[in-house]
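**Student:** There's a structure below that I have some questions on.
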Amino acid sequence: MDSSEHMQLIYIILAAAFATFLTRIGGYVMITQMKRIPPRMEAALNSVPAAVLSTLVAPAFVRGGFDVAAAMLVAFAVGLRVSSLWMLAIGWLVVMTIRYLTV
Amino acid sequence: MTQDDFWQGIRGGFPVMVSASPFGALFGALAIDNGFSVFDAVFMSATLYAGASQMVGIELFGHKVQPWLIVLSIFAVNFRHILYSASIARHIRHFSGVQKFFTFFLLVDPQYAETEKRAERGEPVTFAWYLGFAMIIYVPWQIMTLLGAIFGQMIGEPRAIGLDVLLPIYFMGLVLGFRKRDNWLPVVAVSSLASIAAMHFVGSPWHVSIGAIAGILLAACLPLPKRHEEPVTLEHEV
């Protein structure tokens with residue numbers, strides 16, 4: 000990469016960092032313009048984490064292949080009882096076992 | 000008291016750091032693969048501090064995609080943070096302006112999730128706690144990016160050592176952590192299906208925003224639970 004290309008990359012990163020910061024402060028700026036939170040908006044806000052995080056999980060389950068889907072199912076089952084670190088460890092064991100057995 | 004909160008934050012963030020570290024290293028290694036220097040990789044981790052969008056960014060850069068499209072894609076992946084910052088406004092209104100600046104800069108998914116959980120348990124959301132929780136994730140994220148970039152070739156194929164399965168399982172654990180909330184199951188079901196459909200028909204990364212908005216709209220339209228009769232009041236502030 001020559002130096003002008005490299006400067007361009009630095010500018011891209013800075014622009015992306017600024018855009019990311021805007022997303023992180025934007026909701027706060029919008030909501031503090033309102034005196035009170037209407038109940039339906041509060042219900043909507045309460046649903047945000049589950050709604051967003053589901054979109055990072057479901058496509059991986061559908062597109063990840065049999066081994067990933069199996070590991071996620073097992074992790075889901077144990078996740079109702081154990082911490083997320085155990086979910087990761089057990090899910091990882093499942094996926095590596097399947098990959099080892101099916102090579 | 001403040002110091003206690005800080006250490007409590009560090010302890011709380013420790014498991015997140017452990018699960019995020021492989022991704023920091025993976026990002027560093029993949030960044031080198033896509034034409035970044037070691038400095039560029041750490042610079043991106045330090046200024047964006049948003050793992051999934053960093054992965055998207057280096058992937059697009061590696062494919063020589065137009066700069067404006069790279070920035071727009073990163074913005075789209077991170078768009079969910081708008082909802083996070085709106086949602087935690089209720090819990091951080093006692094922070095000073097400078098504290099809020101750092102609060103929002105450091106607002107990553109697990110940070111948001113833990114802040115909400117802490118407020119739900121009735122424990123005080125102090126800046127000391129928030130900063131402790133953030134630092135035990137932010138600082139190692141930079142170190143792991145650096146190590147991953149330096150030793151990029153040693154990580155090899157991420158799939159071969161099972162790294163690819165960790166991120167979705169981690170996010171799934173977070174989803175399960177919210178299962179006591181109103182309308183959790185319908186929201187998760189609708190967001191999941193909408194994101195799968197959007198990934199198929201529109202493509203990544205828009206499936207994140209589209210799937211999330213579907214679930215949130217559903218939550219706003221479903222019948223309200225009784226206890227929401229009294230709306231939460233927010234004092235007006237800049």
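The listed protein sequences derive, respectively, from chains L and Z. For the first sequence, numbering that gives the first Met the number 0 assigns the number 102 to the last residue and increments by one with no breaks. For the second sequence, numbering that gives the first Met the number 0 assigns the number 237 to the last residue and increments by one with no breaks. By construction, the Cβ of each residue, glycine as well, lies at the ideal position given by its N, Cα and C atoms.
Do the segment 54-71 of chain Z and the segment 2-17 of chain L touch if we need at least three Cβ pairs shorter than 8 angstroms?
**Tutor:** Yes, since at least three Cβ pairs between the segment 54-71 of chain Z and the segment 2-17 of chain L fall closer than 8 angstroms, the two stretches touch.
**Student:** Indicate the three-state DSSP secondary structure (helix, strand or coil) for Z/L106 in the structure shown.
**Tutor:** If DSSP states are grouped into helix, strand and coil, Z/L106 belongs with coil.
**Student:** For the 8 angstroms Cβ check, are there 3 or more pairs between the segment 196-216 of chain Z and the segment 52-68 of chain L?
**Tutor:** Verdict: yes, contact present.
**Student:** Confirm, please, whether the CB-CB distance from Z/M171 to Z/S20 is below 8 angstroms.
**Tutor:** Cβ distance not < 8 angstroms, so Z/S20 and Z/M171 don't count as in contact.
**Student:** Between the segment 78-107 of chain Z and chain L, which residues of the former have a C-beta closer than 7 angstroms to a C-beta of the latter?
**Tutor:** Those would be F78, R79, H80, I81, L82, Y83, S84, A85, S86, A88, F103, F104 and L106, in chain order.
**Student:** Taking 7 angstroms as the limit between beta carbons, can you name the residues of its chain near L/V93, skipping five residues before and five after?
**Tutor:** The answer, listed in chain order, is A69, A70 and V73.
**Student:** Assuming contact is defined by CB atoms lying nearer than 8 angstroms, are Z/G210 and Z/A188 in contact in what I supplied?
**Tutor:** No, the pair does not count as a contact, with Cβ atoms beyond the cut-off.
**Student:** At 9 angstroms on the CB atoms, spell out the chain Z contacts of L/F60, in chain order.
**Tutor:** In chain order: P167, M171, S191 and I195.
**Student:** Considering only their Cβ atoms, is the gap separating L/V67 from Z/V207 smaller than 8 angstroms?
**Tutor:** Cβ distance not < 8 angstroms, so Z/V207 and L/V67 don't count as in contact.
**Student:** Check whether the Cβ atoms of Z/Q7 and Z/G131 sit closer than 8 angstroms, and answer yes or no.
**Tutor:** Taking 8 angstroms as the Cβ cut-off, Z/Q7 and Z/G131 qualify as a contacting pair.
**Student:** Output yes if chain Z places a C-beta closer than 8 angstroms to the C-beta of L/F65; else output no.
**Tutor:** So, not an interface residue.
**Student:** In chain order, what residues of the segment 132-144 of chain Z put their CB closer than 9 angstroms to some CB of chain L?
**Tutor:** Within the segment 132-144 of chain Z, no residue has a Cβ that lies closer than 9 angstroms to any Cβ of chain L.
**Student:** Would you call the segment 122-136 of chain Z and the segment 86-105 of chain Z touching, i.e. three or more CB-CB distances under 8 angstroms?
**Tutor:** The answer is yes - the segment 86-105 of chain Z touches the segment 122-136 of chain Z, with three or more Cβ pairs under 8 angstroms.
**Student:** In chain Z, which residues lie with their C-beta within 9 angstroms of the C-beta of L/R39?
**Tutor:** Ordered by position in chain Z, the residues that pass the 9 angstroms Cβ test against L/R39 are A218, A219, C220, L223 and H227.
**Student:** For Z/W183, which option in Z/G202, Z/L217, Z/V201 and Z/F150 has the closest C-alpha, if you only look at C-alpha atoms?
**Tutor:** Minimum Cα distance to Z/W183 is reached at Z/L217.
**Student:** From Z/N33 to Z/H93, what distance separates their C-alpha atoms?
**Tutor:** So the alpha carbons of these two residues sit roughly 43 angstroms apart.
**Student:** Please report the distance separating the alpha-carbon of Z/A51 from that of Z/I57.
**Tutor:** If you take the alpha carbons of Z/A51 and Z/I57, they lie about 10 angstroms apart.
**Student:** Given a limit of 8 angstroms on CB to CB distance, which residues of the segment 3-23 of chain Z reach chain L?
**Tutor:** Answer in chain order: P14, V17 and S18.
**Student:** Distance, Cα to Cα, L/M40 vs Z/H80?
**Tutor:** Taking the straight line joining both Cα atoms gives about 16 angstroms.
**Student:** L/R23 CB to nearest chain Z CB: under 8 angstroms?
**Tutor:** Interface residue, yes.
**Student:** Kindly say whether Z/F150, judged by its beta-carbon, lies nearer than 8 angstroms to any beta-carbon of chain L.
**Tutor:** Not an interface residue.
**Student:** What's the gap between the Cα of L/T96 and the Cα of L/G64?
**Tutor:** Going from the Cα of L/T96 to the Cα of L/G64 covers about 14 angstroms.
**Student:** Assign Z/T1 to buried or exposed, taking buried as 16 or more other Cβ atoms, counted over all protein chains shown, within 10 Å of its Cβ.
**Tutor:** Its Cβ having fewer than 16 others within 10 Å, Z/T1 is exposed.
**Student:** Contact defined as beta carbons within less than 8 angstroms: I believe Z/A40 pairs with Z/G27. What is the distance between those atoms, to the nearest angstrom?
**Tutor:** That belief holds up - the Cβ atoms of Z/A40 and Z/G27 are roughly 5 angstroms apart, short of 8 angstroms.
**Student:** Taking DSSP as the reference, what is the three-state secondary structure of Z/L25?
**Tutor:** Residue state, collapsed to three classes: helix.
**Student:** Show which residues of chain C have a CB atom less than 7 angstroms away from the CB atom of Z/M198.
**Tutor:** Going by chain labels, chain C is absent from the structure shown, which instead holds the protein chains L and Z.
**Student:** What is the DSSP secondary structure of L/I97, counted as helix, strand or coil?
**Tutor:** L/I97: helix per DSSP, three-state reduction.
**Student:** Name, please, each residue of chain Z whose Cβ falls closer than 9 angstroms to the Cβ of L/M6.
**Tutor:** Going along chain Z, no residue has its Cβ under 9 angstroms from L/M6, so there is no contact; the nearest lies around 11 angstroms.
**Student:** Could you tell me which of Z/Y129, Z/S191, Z/I149 and Z/Q141 sits nearest to Z/L47, measuring between CA atoms?
**Tutor:** Ranking the options by Cα distance to Z/L47, first place goes to Z/Q141.
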